[in-house]
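Numbering (our numbering), first residue to last: 668 to 855.
Glycine included, every Cβ here is placed at the ideal spot set by N, Cα and C.
The structure appears below as structure tokens.
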Amino acid sequence: MPLHDRIIPYLERAGLYHLARLNSHWFWLDEPLVSAFVERWRPETHTFHMPFGECTVTLQDVAFQLGLPVDGEAVSGCLGEFETYIEGGRPAWEWFQDLFGELPPPNKVKQMTVHFTWFHERFSVLPPDANEETVRIYARAYIIMLLSTQLFGDKSANRVHIRWLPFLANLDEMGRCYRVGYSGVFPR
């Protein structure tokens, strides 16, 4: 999804602007280097075995490389009783409609996930005359895509889980309250 100038302030407040910039055009993948690191990774010790010794990746390394906040409440997306986390137990899809202004069509929904294409089709072009509430909706869509693709990707690789709704409800508080931890988690 394109990075619109009008959603940048929301990404900055959420502490995700640097990650969004990496996603849009700063990131270049050195595949031979990644392959070399994969060959040197030892899962039993969670370290890279280099010619000069062992090397490990710390939370501070991840924070520095991705520009993510590392202090605040945990964001893991692991919500056991999902609907109890949603404003007094309201149905999740009702809350989704409040946050995004509409529901995706049934052919784009599977259980508690929405196909990426719906977000791309619906939120790729921010109308030039959009009011502030519309900009906030587009910012939420961009953030849920960042969470689902860059930080918390899963093996489906084409769906967005709505477990992230609680973190999108108050965009102004997101950056002050949540942090991203080592394993793609926002811990405090």
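| Assigned exposure category for SER850 - 16 Cβ within 10 Å defines buried | Below a pLDDT of 50, predicted positions are generally treated as unreliable, and SER850, at 42, falls in that range; no measurement from the model is reported.
| query | If you drop the 5 nearest sequence neighbours on each side, which residues of the same chain put their C-beta closer than 6 Å to that of HIS716? | reply | ARG707, ARG709
| query | Does DSSP classify VAL792 as helix, strand or coil? | reply | Correct three-state label for VAL792: coil.
| request: Name the residue from PRO676, LEU689, PRO758 whose alpha carbon lies nearest to the alpha carbon of PRO833. | output: PRO758
| Selection from VAL701, ASP796, ALA836, PHE790 that minimises the alpha carbon distance to MET812 | PHE790
| request: Could you say if the stretch 799 to 812 and the stretch 671 to 691 meet the contact criterion of at least three C-beta pairs nearer than 8 Å? | output: yes
| field | LEU766 to TRP831 span [Cα, whole Å] | value | Approximately 11 Å between the Cα atoms of the pair.
| Quick one: what's got a C-beta closer than 7 Å to GLN732's C-beta in the same chain, skipping five residues either side? | none
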